[in-house]
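Protein chains in written order, with our numbering: chain A, 1 to 111; chain B, 112 to 218.
Beta carbons: idealized from backbone N, C-alpha and C, even for Gly.
It should be emphasised that the depicted structure is a prediction, and the values quoted were computed from it without experimental measurement.
Worksheet for the structure shown next.
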Amino acid sequence: SQTIHQWPATLVQPVGSPLSLECTVEGTSNPNLYWYRQAAGRGLQLLFYSVGIGQISSEVPQNLSASRPQDRQFILSSKKLLLSDSGFYLCAWSKTSGPAFFGQGTRLTVV
Amino acid sequence: EDQVTQSPEALRLQEGESSSLNCSYTVSGLRGLFWYRQDPGKGPEFLFTLYSAGEEKEKERLKATLTKKESFLHITAPKPEDSATYLCAFRDDKIIFGKGTRLHILP
Chain A
1 SQTIHQWPAT LVQPVGSPLS LECTVEGTSN PNLYWYRQAA GRGLQLLFYS VGIGQISSEV
61 PQNLSASRPQ DRQFILSSKK LLLSDSGFYL CAWSKTSGPA FFGQGTRLTV V
Chain B
112 EDQVTQSPEA LRLQEGESSS LNCSYTVSGL RGLFWYRQDP GKGPEFLFTL YSAGEEKEKE
172 RLKATLTKKE SFLHITAPKP EDSATYLCAF RDDKIIFGKG TRLHILP
């Protein structure tokens, strides 16, 4: 069966510091991969999605970036965090069709 | 622009009081409509996939239906443990979510 791992679960970072969140998927090959952000009490905002290694589509212009160095690895990064980057970050995978399946999320607080 | 709108934003029901959540969508080529449940501090949990108008799926006290413009999540005789945020999403080449309905079932 497929599993998705996302870490860390919580993170407190100062403004201006870098960020790296990692997500890996097991039990499937060539998945579509997604990064979403959820502000408190809000819906899921799609940040990036990837249909293959090195193929990244950005949905929202901001100071975040994503990379997919391996087939089942997806990384969300920032060089300098802003207060507005605080939120709940979720990684997900899917097949070419069908629903997405989510990790447990990372609660990021920028102070 | 493709989009999905959920209503109501929040709903409080007494235990056993049935109701429906709405998800309306505008998308040029629907490749699947999905319902999820999300508990506080956790990632969304997949519930149902619907592909074509008239399709229905059921799981315990939940039933999802689909028309050409909207989907409903019917909750029959809910229990307090059904309290959660329910999200719908659609797929074109990516998966786009609505803002969700926060459901609270009072014992």
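Open item on the list: Using the three-state DSSP reduction, which class does Glu221 of chain B fall into: helix, strand or coil?
Closed with: Since the first residue of chain B shown is 112 and the last is 218, residue 221 of chain B is not available in this structure.
Open item on the list: Using a Cβ-Cβ distance cut-off of 8 Å, determine whether Tyr89 of chain A contacts chain B.
Closed with: In the first sequence, the residue the question calls residue 89 of chain A occupies position 89. Chain B, which has no Cβ nearer than 8 Å to the Cβ of Tyr89 of chain A, makes this no.
TODO: Please confirm whether Ile75 of chain A and Leu11 of chain A have their CB atoms less than 8 Å apart.
DONE: As a first step, residue 75 of chain A is located in the first sequence; it is residue number 75 there, counting from the start. As a first step, residue 11 of chain A is located in the first sequence; it is residue number 11 there, counting from the start. No, the pair does not count as a contact, with Cβ atoms beyond the cut-off.
Task: Beta-bridge pairing of Asn32 of chain A - partner residues as DSSP gives them - done: Position 32 of the first sequence holds residue 32 of chain A. DSSP output for Asn32 of chain A lists A:Ser94 as bridge partner(s).
Task: Close Cβ partners of Pro218 of chain B (< 6 Å) along its chain, the five nearest in sequence each way excluded - done: Reading the second sequence from its first residue, position 107 is the one you call residue 218 of chain B. Contacts found: Glu126, Pro191.
Open item on the list: I'd like the ranges of any beta strand (DSSP E) spanning at least 3 consecutive residues and lying wholly in the region 128 to 193 of chain B.
Closed with: 130 to 137, 144 to 149, 156 to 161, 167 to 170, 173 to 177, 181 to 186
Open item on the list: If you reduce the DSSP assignment to three classes, tell me which class Ser84 of chain A lands in.
Closed with: To locate residue 84 of chain A, count along the first sequence from 1; it is residue 84. Of the three classes helix, strand and coil, the one that applies to Ser84 of chain A here is helix, per DSSP.
Open item on the list: Using a Cβ-Cβ distance cut-off of 8 Å, determine whether Pro155 of chain B contacts chain A.
Closed with: For the purposes of this step, residue 155 of chain B is taken as residue 44 along the second sequence, with counting starting at 1. For Pro155 of chain B, the answer is yes, since a Cβ of chain A falls inside 8 Å of its Cβ.
Task: Distance between beta carbons of Ala175 of chain B and Phe201 of chain B, contact taken as under 8 Å - done: Residue numbering aside, residue 201 of chain B sits at position 90 when the second sequence is read from its first letter. Residue numbering aside, residue 175 of chain B sits at position 64 when the second sequence is read from its first letter. Actually they are not in contact, since the Cβ atoms of Phe201 of chain B and Ala175 of chain B sit about 13 Å apart, beyond 8 Å.
TODO: Compute the distance between the beta-carbons of Ser182 of chain B and Leu214 of chain B, then report whether it is under 8 Å.
DONE: The residue you call residue 182 of chain B lines up with position 71 of the second sequence. The residue you call residue 214 of chain B lines up with position 103 of the second sequence. For Ser182 of chain B and Leu214 of chain B, no; Cβs fall outside 8 Å.
Open item on the list: Rounded to whole angstroms, what is the Cα-Cα separation between Tyr89 of chain A and Phe102 of chain A?
Closed with: Counting from 1 along the first sequence, the entry for residue 89 of chain A is found at position 89. Counting from 1 along the first sequence, the entry for residue 102 of chain A is found at position 102. Cα-Cα distance, rounded: 10 Å.
Open item on the list: the ligand SAH and Pro151 of chain B: does the residue's C-beta get closer than 7 Å to at least one heavy atom of that ligand?
Closed with: Ligands in the displayed structure: none, and consequently the ligand SAH is not present.
TODO: Determine whether the Cβ of Ala100 of chain A lies closer than 8 Å to any Cβ atom of chain B.
DONE: As a position in the first sequence, residue 100 of chain A is number 100, starting the count at 1. Closer than 8 Å: yes.
Open item on the list: Tell me the rounded alpha-carbon separation between Gly207 of chain B and Gly143 of chain B.
Closed with: Here the question's residue 207 of chain B lines up with position 96 in the second sequence. Here the question's residue 143 of chain B lines up with position 32 in the second sequence. As written in the sequence, residue 207 of chain B is Ile, which differs from the Gly given in the question. If I take the Cα positions, the gap works out to 11 Å.
Task: Pick from B:Asp150, B:Val115, B:Gly140 that is closest to Asn133 of chain B, judged by C-alpha positions - done: Here the question's residue 133 of chain B lines up with position 22 in the second sequence. Selected option, being the one with the closest Cα: B:Val115.
Task: C-alpha distance - Arg172 of chain B paired with Arg148 of chain B, whole-angstrom precision - done: Here residue 172 of chain B refers to the residue found at position 61 of the second sequence. Here residue 148 of chain B refers to the residue found at position 37 of the second sequence. Rounded to whole angstroms, Arg172 of chain B to Arg148 of chain B spans 13 Å at the Cα level.
Task: Interface residues of chain A facing Gly211 of chain B [CB-CB closer than 7 Å] - done: Working through the second sequence from its first residue, we reach residue 211 of chain B at position 100. Neighbours of Gly211 of chain B on chain A, chain order: Gly43.
Open item on the list: Please list, in chain order, the chain E residues whose beta carbon lies closer than 7 Å to that of Lys205 of chain B.
Closed with: Of the chains in the structure shown, none is chain E; the protein chains are A and B.
Task: Contacting positions in the region 176 to 203 of chain B - beta carbon closer than 8 Å to chain A - done: Leu198, Ala200, Arg202
Open item on the list: Please confirm whether Ser97 of chain A has its beta-carbon closer than 8 Å to some beta-carbon of chain B.
Closed with: Position 97 of the first sequence holds residue 97 of chain A. Interface residue, yes.
Open item on the list: Taking the straight line between their C-alpha atoms, what separation do you get for Asp71 of chain A and Ser50 of chain A?
Closed with: Taking the first residue of the first sequence as 1, we reach residue 71 of chain A at position 71. Taking the first residue of the first sequence as 1, we reach residue 50 of chain A at position 50. Approximately 10 Å, taken between the alpha carbons.
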